[in-house]
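Visitor: Each residue of the sequence shown is one higher than the one before, counting from 10 in the working numbering.
We treat Cβ as the ideally placed atom computed from N, Cα and C, and that holds for glycine.
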Amino acid sequence: MLGHSLAQYEWSQFQGDSSFTRFSAGPAPDTSNILWTSKIEGIQPYISAFNGMIYLCNAHAVFAVDGQTGNIKWTTPIDMPNTWPAVYKIDNAHLIVENVCLDPQTGHVLWISDSFNADTGGIFNANVYSPEEKMFYRKVNAYVEAWDFSDPSKPPTRAWIAYVYGGGTTGSGITYGEGKVFPGSFENHQMALNAKTGTILWDTPTTGPMIFSGSYSQGRFVRGGTDDNTLYCFNATNGDILWTYNPGTDGYFTVGTAVGYGTVYALNKDGCLYAVDIETGNLTWSYPGPGPMLFPGTPTVADGKVYATTGQDAQFLDQVGGSEFACLDALTGSVLWKLSTEALAPRESVAVAYGNLYMIPGNVTTAVDTISGSEYATSDEIWAIGTPTIPTHDWPMWRADPSHSSSAPTGPTTLALNWKFQTQGAVSSSPSVVDGIVYVGSQDKNIYAIGAWSGNLLWKFPTQAPVESSPAIADGKLYTGGDDGYVYCLDAYTGVCIWKTFVNGNLPATFGSIVLKSSPVLSENTLYIGSLDGYLYALNKANGNIIWKTPADGRIVSSPALAEGAVFFTAEEPTTGALYKLNAATGALLWRVEIPYEFQFTGGTDMLGSPSVAAGLVFASSSLGAYYAFNATTGAVEWTFKNPYATEFIVSSPIYVDGKVFLIDKFDIACVDATNGHTLWSYFTGDELYVSPSYADGKIYVVTSQRHIYILDATNNGAELASVTTPSSSWSSPTLANGKLYIGCNDWNIYCFGENTTTPTQPLPPPTSLLMSAPLMFVTIIAAAVLIVIIALVSIIRKQNRHR
10 MLGHSLAQYE
20 WSQFQGDSSF
30 TRFSAGPAPD
40 TSNILWTSKI
50 EGIQPYISAF
60 NGMIYLCNAH
70 AVFAVDGQTG
80 NIKWTTPIDM
90 PNTWPAVYKI
100 DNAHLIVENV
110 CLDPQTGHVL
120 WISDSFNADT
130 GGIFNANVYS
140 PEEKMFYRKV
150 NAYVEAWDFS
160 DPSKPPTRAW
170 IAYVYGGGTT
180 GSGITYGEGK
190 VFPGSFENHQ
200 MALNAKTGTI
210 LWDTPTTGPM
220 IFSGSYSQGR
230 FVRGGTDDNT
240 LYCFNATNGD
250 ILWTYNPGTD
260 GYFTVGTAVG
270 YGTVYALNKD
280 GCLYAVDIET
290 GNLTWSYPGP
300 GPMLFPGTPT
310 VADGKVYATT
320 GQDAQFLDQV
330 GGSEFACLDA
340 LTGSVLWKLS
350 TEALAPRESV
360 AVAYGNLYMI
370 PGNVTTAVDT
380 ISGSEYATSD
390 EIWAIGTPTI
400 PTHDWPMWRA
410 DPSHSSSAPT
420 GPTTLALNWK
430 FQTQGAVSSS
440 PSVVDGIVYV
450 GSQDKNIYAI
460 GAWSGNLLWK
470 FPTQAPVESS
480 PAIADGKLYT
490 GGDDGYVYCL
500 DAYTGVCIWK
510 TFVNGNLPAT
520 FGSIVLKSSP
530 VLSENTLYIG
540 SLDGYLYALN
550 KANGNIIWKT
560 PADGRIVSSP
570 ALAEGAVFFT
580 AEEPTTGALY
590 KLNAATGALL
600 WRVEIPYEFQ
610 FTGGTDMLGS
620 PSVAAGLVFA
630 SSSLGAYYAF
640 NATTGAVEWT
650 FKNPYATEFI
660 VSSPIYVDGK
670 VFLIDKFDIA
680 CVDATNGHTL
690 WSYFTGDELY
700 VSPSYADGKI
710 YVVTSQRHIY
720 ILDATNNGAE
730 LASVTTPSSS
740 WSSPTLANGK
750 LYIGCNDWNI
760 YCFGENTTTP
770 TQPLPPPTSL
780 LMSAPLMFVT
790 IIAAAVLIVI
800 IALVSIIRKQ
810 NRHR
């Protein structure tokens with residue numbers, strides 16, 4: 010059974026969703042590995058995926074195929090009056106195909122309509138269901154009809170009908186976007202209709218017909234013109250043309266566009282896939298396939314990648330192409346992998362769901378059969394492409410878990426940028442990741458929820474001050490502290506505030522180092538968090554009521570750790586730092602030990618480092634230069650690690666792994682023996698290190714104040730595996746989840762880094778080239794030497810002339 014983290018990523022109708030962006034916010038395969046194939050005789054184009062199933066049709070029935078195994082779960086015979094039927098999700102209990110409503114789980118027929126049909130015949134009449142409006146919009150000849158599905162338990166009724174001049178019987182799709190529908194036309198114009206009433210909102214002239222399908226994204230509607238070979242971007246509110254793009258080739262745009270990562274992706278008959286910036290209309294990149302295409306399809310975008318049929322085994326413009334289905338890097342257009350097949354273009358029978366790519370392989374024939382309407386051949390199969398397992402490990406709170414292990418099962422070995430998301434302020438909060446969602450605070454006073462694979466905003470919640478605390482997530486709820494003094498509990502999937510409790514955390518404070526705030530740690534029923542008022546608070550998770558609060562002798566900015574029924578935290582007190590152990594149930598003091606301050610010339614006694622607990626020990630730091638291992642039961646000091654030359658404030662939390670402790674030692678990442686504190690190895694980065702490191706499967710992830718992120722080999726004395734430079738420093742700790750690294754940055758962005766996707770290996774030069782390289786190098790050296798001598802002689806002559 011699929012877990013929520015993957016099951017939530019569906020493909021609810023044949024274009025993905027009602028916006029027709031063909032974008033999936035979930036993971037998608039880096040590999041062309043075929044997981045399974047399933048045979049369906051007479052398979053028709055178009056794939057839908059929801060409720061853990063893949064839904065397809067042939068001319069006589071609808072099929073539900075298990076998305077994980079490829080096994081056919083049920084088959085329901087249906088009279089298909091039209092070709093190329095598509096399945097639409099209405100809700101979890103109803104799907105529509107043709108004029109029939111079925112139960113998605115069983116395939117049982119729920120009702121049959123005498124007046125409504127989701128498939129209106131013709132070629133490329135892309136109809137659409139809008140769950141926001143609970144309306145189904147279909148094109149019937151030159152009209153758009155809206156059908157009311159507010160009660161899906163019975164057949165719908167027609168809500169309105171609108172005439173679209175130039176609307177032919179074929180080739181004109183409808184797209185929905187935020188209260189508007191955008192029909193196509195064989196005339197040279199683009200219209201927008203009110204989705205509730207059908208009234209015309211705007212009608213904009215173009216220089217080519219607006220047929221096939223377009224995409225709606227964030228207030229913009231894009232569509233490819235055919236006859237004028239031009240991509241159009243319209244202001245969806247008033248119809249103004251914001252930009253056009255024409256590649257200047259002997260081709261034209263057909264079928265549909267895709268949108269993701271601020272980019273419009275469109276295939277052209279000239280054989281190229283174009284990526285155009287949706288804000289400016291400037292070309293970002295283009296990918297040339299093996300030749301011109303007879304009838305291009307529509308790209309699909311997911312997880313930083315674009316999937317498309319980029320070549321067809323057909324003749325066009327007196328040239329013959331070749332079958333090719335390509336996976337490209339969405340940001341650069343570089344090839345990640347290719348297959349020598351087609352995804353049944355031009356209908357582009359592709360869906361991305363549950364972390365996999367599903368496709369119906371086939372190929373376009375050399376000419377369209379105008380009698381049958383057939384222009385493709387298929388092997389009567391659906392393929393699932395992906396990997397057997399997709400890492401979906403969560404990182405639900407600051408430092409991963411209540412004891413602050415700061416560890417994950419897997420992490421990337423390289424730092425390829427998957428996406429970045431910009432807030433309106435620096436991000437020192439460390440991200441938490443649960444169920445495929447990244448949660449993080451920003452100094453712009455908002456708490457954000459972002460798609461973990463897509464980088465898309467899901468929701469944001471405003472507070473009254475910067476949010477430097479890191480969120481903790483459990484049971485569908487998010488908990489975090491704000492600089493406005495409150496602890497917030499939000500619905501993790503909607504951002505709706507459930508409760509907030511004032512804990513006096515908005516007091517004025519002077520820091521000698523960077524500014525951080527305590528992050529919450531969660532038990533089954535209780536939330537624990539420190540405050541600038543010097544109290545450690547325990548709150549009821551259900552309602553936010555204060556269960557108890559225990560005073561320290563100074564402010565608490567460290568994040569408490571929870572282990573074996575006790576809470577551990579450090580406090581900044583008037584004359585010394587201190588480590589506390591409290592009874593987690595009552596708040597009673599179990600022990601307190603002093604951690605002497607280490608002073609530097611700039612002043613300040615910030616106790617920013619947070620304790621971690623493992624192997625019967627509590628690992629904690631002083632203000633700077635010193636780390637301690639305390640007996641978790643008695644508070645006795647087991648060992649001390651001190652570097653008198655490390656004069657920077659410690660912001661990090663030590664990591665315990667298999668008898669070793671990893672800690673930040675100014676310019677170094679140090680690995681020490683957990684039993685005695687003796688250094689096993691130390692890796693010098695050359696950068697000052699402040700932020701807590703993270704660990705996964707033999708790798709250490711480190712952030713420096715000089716804008717670098719490093720991956721170090723913990724099994725090889727910290728040897729560098731990878732590094733990347735960001736535009737500003739990060740006070741956010743690395744978060745490891747889903748095999749990726751997530752981190753906030755002072756440049757206002759949240760970054761997601763992952764593996765470098767496999768690229769084709771460049772062949773070595775032939776032996777003759779290698780033999781020629783040595784003489785060529787020798788010639789180059791001689792030429793450079795001669796040039797240096799000439800420059801020196803000229804300089805001497807000029808000096809002599811000046812002396813004269």
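Hey, which unbroken runs of the alpha helix (DSSP H) at 4 residues or more fall wholly within the segment 109-165?
Guide: Complete alpha helix (DSSP H) runs here, min 4: none at all.
Visitor: Would you check if there are 3 or more beta carbon pairs closer than 8 angstroms linking the segment 111-120 to the segment 92-102?
Guide: yes
Visitor: At which residues does the beta strand (DSSP E) containing Gly727 begin and terminate?
Guide: No beta strand (DSSP E) contains Gly727, which DSSP labels as neither H nor E.
Visitor: Between Gly188 and Ala204, how many whole angstroms is the CB-CB distance? I'm expecting something under 8 angstroms.
Guide: Right, their Cβ atoms sit about 5 angstroms apart.
Visitor: Pick helix, strand or coil for Ile790, following the three-state DSSP scheme.
Guide: Residue confidence is low: Ile790 scores 39 on pLDDT, short of 50, so the model does not pin down where it sits. Its coordinate-derived value is still stated next. Helix at Ile790.
Visitor: Suppose you measure from the CA of Tyr606 to the CA of Ser732; what does that come to, to the nearest Å?
Guide: 33 angstroms
Visitor: Taking all protein chains shown into account, do 16 or more other C-beta atoms lie within 10 angstroms of the C-beta of Glu333, making it buried, or fewer, making it exposed?
Guide: buried
Visitor: Should Asn42 go down as buried or exposed, given a rule of 16 or more other Cβ atoms within 10 Å for buried?
Guide: exposed
Visitor: Report, in whole angstroms, the separation of the C-beta atoms of Gly35 and Gly364, which I expect to be a contact under 8 angstroms.
Guide: 6 angstroms
Visitor: Pro164 and Phe145: beta carbons closer than 8 angstroms?
Guide: no
Visitor: Could you tell me whether any non-hydrogen atom of the ligand PLP is closer than 7 angstroms to the CB of Asp444?
Guide: Ligands displayed in this structure: none; no statement on the ligand PLP is therefore possible.
Visitor: I need the boundaries of the beta strand (DSSP E) containing Pro471, first residue and last residue.
Guide: Leu466 to Pro471
Visitor: Within the chosen definition, does the segment 172-182 reach the segment 190-202 through at least 3 CB pairs nearer than 8 angstroms?
Guide: The segment 172-182 and the segment 190-202 touch, with no fewer than 3 CB-CB distances between them shorter than 8 angstroms.
Visitor: Take Asp562 and list the residues in its own chain whose beta-carbon comes closer than 6 angstroms to its own, dropping the five residues that flank it on each side.
Guide: Glu582
Visitor: Count the other CB atoms within 10 Å of the CB of Arg408; is the residue buried (16 or more) or exposed (fewer)?
Guide: When all chains shown are included, Arg408 counts as buried.
Visitor: Whose C-beta lies closer than 8 angstroms to the C-beta of Ala755 among residues of the same chain, with five residues either side of it excluded?
Guide: The displayed chain sequence assigns Asn, not Ala, to residue 755. Apart from sequence neighbours up to five positions away, the residues of its chain that approach Asn755 with a beta-carbon distance below 8 angstroms are Ala435, Val436, Ser437, Ser737, Ser738, Ser739 and Trp740, ordered along the chain.
Visitor: Buried or exposed, going by whether 16 or more other CB atoms sit within 10 Å of the CB of Phe693?
Guide: exposed
Visitor: Just the C-alpha distance for Ala135 and Gly330, rounded to the nearest angstrom, thanks.
Guide: In this model, Ala135 and Gly330 are separated by some 27 angstroms (Cα to Cα).
Visitor: Give me the Cα-Cα distance between Tyr681 and Tyr699, rounded to the nearest whole angstrom.
Guide: Note that residue 681 is Val in the sequence shown, not Tyr. Going from the Cα of Val681 to the Cα of Tyr699 covers about 18 angstroms.
Visitor: Touching or not, the segment 293-306 and the segment 334-351, by the rule of three or more beta carbon pairs under 8 angstroms?
Guide: Judged by pairs of C-beta atoms under 8 angstroms, the segment 293-306 touches the segment 334-351, as three or more such pairs exist.
Visitor: So Glu603 packs on Leu633, CB below 8 angstroms; how close in whole Å?
Guide: Not really, about 16 angstroms apart at Cβ, beyond 8 angstroms.
Visitor: Going straight from the alpha carbon of Ala66 to that of Val373, what length do you get?
Guide: Correcting the residue identity first, residue 66 is Cys in this sequence and not Ala. Between the alpha carbons of Cys66 and Val373 lies a gap of roughly 19 angstroms.
Visitor: List the residues that DSSP assigns as beta-bridge partners of Thr309.
Guide: As a beta-bridge residue in DSSP terms, Thr309 pairs with Tyr316.
Visitor: Output the boundary residues of the beta strand (DSSP E) element that contains Cys66.
Guide: Met62 to Cys66
Visitor: Under 8 angstroms by Cβ, that's how I've got Ser358 and Pro54 pegged, so tell me the actual separation to the nearest angstrom.
Guide: 4 angstroms
Visitor: Is the separation between the beta-carbon of Gly320 and that of Leu366 shorter than 8 angstroms?
Guide: no
Visitor: Who does Cys754 pair with in a DSSP beta bridge?
Guide: Cys754 pairs with nothing; no bridge assigned.
Visitor: Quick check on Thr309: buried or exposed, where buried means 16 or more other Cβ atoms within 10 Å of its Cβ?
Guide: buried
Visitor: Quick check on Asp26: buried or exposed, where buried means 16 or more other Cβ atoms within 10 Å of its Cβ?
Guide: buried
Visitor: Report yes or no: do the segment 637-651 and the segment 672-690 share at least 3 C-beta pairs separated by less than 8 angstroms?
Guide: yes
Visitor: Select from Val118, Phe133, Asn80 and Tyr497 the residue whose C-alpha is nearest the C-alpha of Asn91.
Guide: Among Val118, Phe133, Asn80 and Tyr497, the Cα nearest to that of Asn91 is on Phe133.
Visitor: Which value, in whole angstroms, describes the spacing of the CA atoms of Ile7 and Lys749?
Guide: Past the edges of the chain, shown from 10 to 813, lies residue 7, and the structure says nothing about it.
Visitor: Given a threshold of 16 other Cβ atoms within 10 Å of its Cβ, counted over all protein chains shown, does Ala154 qualify as buried or as exposed?
Guide: Here the sequence assigns Glu to residue 154, which means Ala is not the residue at that position. A residue is called buried when at least 16 other Cβ atoms come within 10 angstroms of its Cβ; Glu154 meets this threshold and is buried.
Visitor: Measuring straight from C-alpha to C-alpha, what distance separates Ile507 and Leu499?
Guide: 5 angstroms
Visitor: Assuming the contact rule is C-beta atoms closer than 8 angstroms, Ile52 and Ile63 should be a hit. Round their C-beta distance to whole Å, please.
Guide: Not really, about 11 angstroms apart at Cβ, beyond 8 angstroms.
Visitor: For Ala580, which of helix, strand or coil comes out of DSSP?
Guide: strand
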